[in-house]
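Report on the following structure.
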Amino acid sequence: MGIGEWLMTLNPALAGQKPAEYMDTAEERRLVSRAIAMMRSGAYA
């Protein structure tokens, strides 16, 4: 899955919302960044 597809996929770490919906504020972007970091660390494996 590419980043564009991932941004449009519902994500349980973001209250079941799409990451693309979390890009309006700095705090929302931090939430997406944390979700990415958790995936990279294997927290969702």
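All you need for the numbering used here is the position in the sequence shown, starting with 1, plus 300.
Note that beta-carbon positions come from the ideal geometry of N, C-alpha and C, so glycine has one too.
Since the structure is predicted, the reported quantities are computational estimates derived from the model, not experimental observations.
P319, buried or exposed, once every other Cβ within 10 Å from all chains shown has been counted against 16: Numbered from 1 along the sequence shown, position 19 holds the residue referred to as residue 319. It is buried - the Cβ of P319 has at least 16 other Cβ atoms within 10 Å.
Span of the alpha helix (DSSP H), counted from its first residue to its last, around G304: Numbered from 1 along the sequence shown, position 4 holds the residue referred to as residue 304. Per DSSP, G304 belongs to the alpha helix (DSSP H) from I303 to L307.
8 Å Cβ cutoff met for L310 and Y322: Residue mapping note: residue 310 aligns to position 10 of the sequence shown, counting from 1. Residue mapping note: residue 322 aligns to position 22 of the sequence shown, counting from 1. For the pair L310 and Y322, the CB atoms are not nearer than the 8 Å cut-off.
C-alpha distance - W306 paired with T325, whole-angstrom precision: Mapped onto the sequence shown, residue 306 falls at position 6. Mapped onto the sequence shown, residue 325 falls at position 25. In this model, W306 and T325 are separated by some 19 Å (Cα to Cα).
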